[in-house]
Amino acid sequence: MKGTEKYNEAVKYFVASMSRNKIKVTDEEVKALIESTLREWKDELNKQMK
């Protein structure tokens with residue numbers, strides 16, 4: 001399984017897991033959350049390396 005496929009499967013798993021707990025979230029919302037978090041981590045890492 002390639003990286004993109006793993007990413008999409010992880011998103012689907014997370015959405016299904018949330019749904020089982022009666023929490024509604026879309027694939028797009030999860031992807032946006034992941035991308036936002038990664039951006040914050042990268043920005044913080046860059047600050048620390050300066």
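Numbering-wise (the UniProt record's numbering), the sequence shown opens with residue 1 and increments by one. Heads up, the beta-carbon is just placed ideally off N, CA and C, and yes, glycines get one too.
Within 8 Å, strictly: CB atoms of Lys31 and Val15 | no
Between Glu40 and Lys50, what straight-line distance do the alpha-carbon atoms span, to the nearest angstrom?
-> 16 Å
What number of angstroms, rounded off, separates the C-alpha of Lys24 from the C-alpha of Met18?
-> 7 Å
Report all residues from its chain with a CB closer than 8 Å to the CB of Glu9; omit the five preceding and five following residues, and keep chain order.
-> Met1
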